[in-house]
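Novice: One structure coming up, written as structure tokens, with questions to follow.
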């Protein structure tokens with residue numbers, strides 16, 4: 351299914367953050383006196399993104415939200431990698447950084463914005479890649495580019511059919527698999543995260559699933575002293591990833 355970005359300012363933001371776009375659709379009755387329209391045309395030309403003039407009726411037919419304002423853009427499909435590519439990146443990281451490598455495994459995260467925020471932090475700490483399921487989970491969309499501030503373009507992401515099988519492969523490659531879960535007995539800074547770690551983060555509502563949790567080596571949790579029950583998964587992921595980086599800081 352095509353991933354369309356609707357509206358003048360969302361399309362400008364997509365161009366600004368270098369979301370890969372196949373083309374821009376622009377209503378043929380838009381005024382050239384509109385400064386935003388001219389800005390879109392200028393940015394699209396600089397990035398070699400073609401603009402197709404169509405009728406407003408055509409845009410109305412395509413639009414899912416009815417908020418196109420005469421401008422829509424179709425995002426190009428994201429270039430997912432295979433697991434081997436991420437493992438190769440981890441081997442390189444391990445060789446260059448005294449044995450440290452991080453792979454982030456997302457157990458059915460459903461919000462594309464959360465995926466982007468996690469990708470941004472993962473890229474910042476030098477993670478080798480992100481693993482996501484290919485069904486019932488968020489995929490990389492224009493919203494992911496926005497929330498990642500473009501970082502999603504700089505970190506490998508793989509879609510897999512079976513998370514448990516992928517976790518077993520990571521173990522075979524020398525990774526210790528840590529699940530972030532409120533049911534863990536140890537706080538994260540009491541756990542050994544040195545070396546090659548696969549960090550498993552759970553679904554926004556249910557957390558790490560039972561089957562995935564049973565196949566992890568150990569659990570970790572963040573301390574809670576406030577009144578709310580937990581952090582957003584993207585915030586929790588960031589905290590966990592930076593604890594891994596702290597323990598492995600050279």
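Residue numbers (the numbering used here): 351 to 600.
Backbone N, C-alpha and C define an ideal beta-carbon position, used for all residues, glycine too.
Small disclaimer: the values here were computed from a predicted structure and weren't measured.
1. Any beta-carbon of chain D closer than 8 Å to the one on residue 387?
2. Our contact map puts residue 373 next to residue 424 with C-beta atoms below 8 Å; I'd like the distance itself, whole angstroms only.
3. Is the beta carbon of residue 530 less than 8 Å from the beta carbon of residue 549?
4. To which residues of the same chain is residue 524 closer than 6 Å at the C-beta, ignoring the five residues directly before and after it?
5. Going by CA-CA distance only, name the one from 584, 471, 422 that's closest to residue 378.
6. Inspect the CB distances between the stretch 472-481 and the stretch 429-444 and report whether three or more fall short of 8 Å.
7. By the DSSP assignment, the alpha helix (DSSP H) with residue 594 in it spans what residues?
8. With respect to the alpha helix (DSSP H) encompassing residue 382, which residues constitute its N-terminal and C-terminal limits?
9. May I have a chain-ordered list of the beta strand (DSSP E) segments no shorter than 3 residues that lie completely inside the stretch 450-516?
10. Determine the extent of the beta strand (DSSP E) in which residue 546 is found, giving its start and end residues.
11. Does the distance from the C-beta atom of residue 475 to that of residue 528 stay below 8 Å?
12. Between the stretch 443-458 and the stretch 387-399, do at least 3 Cβ pairs fall closer than 8 Å?
13. For the beta strand (DSSP E) that contains residue 358, what are its first and last residues?
14. Bridge partners for residue 527 per DSSP, in chain order?
15. For residue 410, does the three-state DSSP call read helix, strand or coil?
16. Starting from residue 433, trace the alpha helix (DSSP H) in both directions and tell me its first and last residue.
17. Can you check DSSP and say which residues form a bridge with residue 371?
Specialist: In terms of the structure at hand:
1. This model lacks chain D altogether; it includes just one protein chain.
2. One-based indexing of the chain shown puts residue 373 at position 23. One-based indexing of the chain shown puts residue 424 at position 74. Here residue 373 really is in contact with residue 424; their C-beta atoms are around 6 Å apart, less than 8 Å.
3. Position 180 of the chain shown, counting from 1, holds the residue named residue 530. Position 199 of the chain shown, counting from 1, holds the residue named residue 549. In terms of Cβ geometry, residue 530 and residue 549 form a close pair [threshold 8 Å].
4. As a position in the chain shown, residue 524 is number 174, starting the count at 1. The answer, listed in chain order, is 546.
5. The sequence position of residue 378 within the chain shown is 28, counting from 1. Nearest of 584, 471, 422 to residue 378, Cα basis: 422.
6. yes
7. On the chain shown, residue 594 is found 244 positions in, with the first residue counted as 1. Here the alpha helix (DSSP H) through residue 594 covers 583-597.
8. Along the chain shown, read from residue 1 onward, the residue named residue 382 stands at position 32. Unbroken run through residue 382: none, as it is neither H nor E.
9. 451-457, 479-483, 507-510
10. Here residue 546 is taken as the residue at index 196 of the chain shown, counted from 1. Per DSSP, residue 546 belongs to the beta strand (DSSP E) from 546-552.
11. Against the chain shown, residue 475 aligns to sequence position 125. Against the chain shown, residue 528 aligns to sequence position 178. Cβ atoms of residue 475 and residue 528: not closer than 8 Å.
12. no
13. Within the chain shown, residue 358 is the residue found at index 8, counting from 1. Counting along the chain, residue 358 falls outside any beta strand (DSSP E), though it belongs to the alpha helix (DSSP H) covering 358-366.
14. If you number the chain shown from 1, residue 527 lands on position 177. Residue 527 pairs with 548.
15. Counting from one through the chain shown, the residue named residue 410 turns up at place 60. Of the three classes helix, strand and coil, the one that applies to residue 410 here is helix, per DSSP.
16. Numbered from its first residue, the chain shown carries residue 433 at position 83. Taken as a continuous stretch (DSSP letters only), the alpha helix (DSSP H) holding residue 433 covers 433-446.
17. Your numbering for residue 371 matches position 21 in the chain shown. Note: residue 371 sits in a beta bridge opposite 425.
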